[in-house]
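Here the structure comes first, spelled out in structure tokens, and everything after it is commentary.
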Amino acid sequence: MLDQNFETLRLLFTRSNSLPHLRASALKLVDRIDSGASSAAELEKVIAADPALTAKLLKAATSVVAARDAGSVTTIRSAILHLGHDAVRSISLSLAVQSLVTDAKGEDTFDARRFARHSLFVGVFASFLFRHRAQRPTESTWSPEEVFAGGVLHDLSEALLFRVAPDVYVRTATYARHQQIPYAQAFQRLYEHPLCELGTLTVEAWRLPTLFREVILHADRPWLNEREYSALCCVHFADAIAERAGFPSGPEPLPV
Numbered sequence: 088m089l090d091q092n093f094e095t096l097r098l099l100f101t102r103s104n105s106l107p108h109l110r111a112s113a114l115k116l117v118d119r120i121d122s123g124a125s126s127a128a129e130l131e132k133v134i135a136a137d138p139a140l141t142a143k144l145l146k147a148a149t150s151v152v153a154a155r156d157a158g159s160v161t162t163i164r165s166a167i168l169h170l171g172h173d174a175v176r177s178i179s180l181s182l183a184v185q186s187l188v189t190d191a192k193g194e195d196t197f198d199a200r201r202f203a204r205h206s207l208f209v210g211v212f213a214s215f216l217f218r219h220r221a222q223r224p225t226e227s228t229w230s231p232e233e234v235f236a237g238g239v240l241h242d243l244s245e246a247l248l249f250r251v252a253p254d255v256y257v258r259t260a261t262y263a264r265h266q267q268i269p270y271a272q273a274f275q276r277l278y279e280h281p282l283c284e285l286g287t288l289t290v291e292a293w294r295l296p297t298l299f300r301e302v303i304l305h306a307d308r309p310w311l312n313e314r315e316y317s318a319l320c321c322v323h324f325a326d327a328i329a330e331r332a333g334f335p336s337g338p339e340p341l342p343v
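This is the structure:
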């Protein structure tokens, strides 16, 4: 329905029966994060049980490791050795969630491949910027790998909207195209609330780490989070550069 108001959307983004179901690998990763007691071997076992996730992790880990000239990554164990247990867990979880929202089929309005390429570029470049920033390391509690994970999911709200309320997604995409404005700005005009608010509701419903909530909520306005300002600025800048580097976000523009 096209007349869904924002409060209706809020309910949809918090109800388990309307949200996509997290894959078993993602659920296990969340449980490991909650318990805080998983070993490297247990983490490796969880990831290896999901071949698609394994492939995505190795590709992402290779990009992150290459950015710091630290060799290559060919196995899950080597990813853990290069990046650390917590970093691999955060990266794997972000990729598992991304797969969930980009595996959708159907409407041509949402280009899953375009979304995935943009998200991964932002994650990799934000991590690179964060690692090479001039500020003191103590300015953020996040690691470069956590910045990567947050960058991958910074636009989660948009992809989830397509899965949860496809008619609303299409309506917003059409408006954005005709007005030639960013998708999030189009949603704000139509519903008088920020799109990112919906994504944070789902992050809480899925019990994902607070890192993802902060990135989704503040990537466009990093000054609102003083503690993680430098990390969020890296995500914000990477998002802007992605458009110029050939990795745009949002729906395809109308042909000229």
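Residue numbers (the numbering used here): 88 to 343.
Yeah, the Cβ is synthetic: ideal placement off N, Cα and C, and Gly gets one too.
Problem set entry | Residues near Thr101 by beta carbon distance below 7 Å, same chain, minus five either side | Taken in chain order, the residues that qualify are Leu288 and Ala292.
For this session: Below 8 Å on the Cβ atoms is my guess for Arg200 versus Ser317; work out the distance and round it to an integer in Å.
Result: So it is not a contact: roughly 31 Å between Cβ atoms.
For this session: Can you give me the Cβ contacts of Asp118 inside the same chain, cut-off strictly under 8 Å, excluding the 5 residues immediately before and after it?
Result: Apart from the 5 residues on each side of it in sequence, Asp118 has no Cβ closer than 8 Å to any other Cβ in its chain.
Exercise. Alpha carbon to alpha carbon, what distance is there between Arg110 and Met88?
Worked result: Residue placement at Met88 is poorly supported in this model, since its pLDDT is 41, which falls under 50; the coordinates still yield a value, given next. Between Met88 and Arg110, the C-alpha separation is close to 28 Å.
For this session: From the DSSP output, in three-state form, read off Thr259 for me.
Result: In the structure shown, Thr259 sits in a helix (DSSP, three-state: H, G or I).
Exercise. Roughly how many whole angstroms lie between the Cα atoms of Tyr278 and Ser150?
Worked result: Looking at the two C-alpha atoms, the distance is approximately 38 Å.
Problem set entry | Sequence-distant residues of the same chain with beta carbon closer than 7 Å to Ile328, five excluded per side | Non-local C-beta neighbours of Ile328 in its own chain, meaning closer than 7 Å and more than five positions away in sequence, comprise Phe212, ordered along the chain.
Problem set entry | Burial state of Trp310 (16 or more Cβ within 10 Å) | So Trp310 counts as exposed.
Problem set entry | C-alpha distance - Asn104 paired with His205, whole-angstrom precision | So the alpha carbons of these two residues sit roughly 29 Å apart.
Exercise. Which runs of the alpha helix (DSSP H) fall wholly inside the region 261-296 and span at least 4 residues, in chain order?
Worked result: If we require 4 residues or more, the alpha helix (DSSP H) runs fully inside the region 261-296 come out as 270-278 and 283-292.
For this session: Closer than 6 Å by C-beta to Phe197: which residues in its own chain qualify, once you throw out the five before and the five after it? Chain order, please.
Result: The answer, listed in chain order, is Phe249.
Problem set entry | Local Cβ density within 10 Å of Asp90, reported as buried at 16 or more and exposed below that | Here Asp90 scores only 47 on pLDDT, less than 50, and its place in the model is too uncertain to base an answer on.
For this session: Please go through the same chain and pick out, in chain order, the residues whose beta-carbon is closer than 8 Å to the beta-carbon of Glu131, but skip the five residues on each side of it.
Result: For Glu131, where only same-chain residues beyond five positions count, the Cβ hits under 8 Å are Ile163, Arg164 and Ile167.
Exercise. Where do the ends of the alpha helix (DSSP H) carrying Gly237 lie?
Worked result: Counted as a single uninterrupted DSSP element, the alpha helix (DSSP H) harbouring Gly237 occupies residues Pro231 to Val239.
Exercise. If we count the other Cβ atoms within 10 Å of its Cβ and call it buried at 16 or more, is Thr297 buried or exposed?
Worked result: When all chains shown are included, Thr297 counts as exposed.
Exercise. Got a sec? Which residues, its chain only, sit under 6 Å from Ala263 by beta carbon, not counting five neighbours each side?
Worked result: Around Ala263: Tyr270 and Ala273.
Exercise. CA-CA distance, His172 and Glu339?
Worked result: Their backbone Cα atoms lie some 38 Å apart in a straight line.
For this session: Look up Phe334 in the DSSP assignment and say whether it is helix, strand or coil.
Result: Coil.
For this session: Taking only the alpha-carbon atoms, compute the straight-line gap between Ser214 and Cys321 and give it to the nearest angstrom.
Result: Spanning the two alpha carbons is a distance of roughly 8 Å.
For this session: Counting only the same chain and skipping the five closest in sequence on each side, list residues whose C-beta sits under 7 Å from that of Leu116.
Result: Within the same chain, Leu116 has close Cβ partners Val133, Arg176, Ser179, Leu180 and Ala183.
Exercise. Can the beta-carbon of Phe324 be found closer than 8 Å to that of Leu207?
Worked result: The Cβ atoms of Phe324 and Leu207 do not sit closer than 8 Å to each other.
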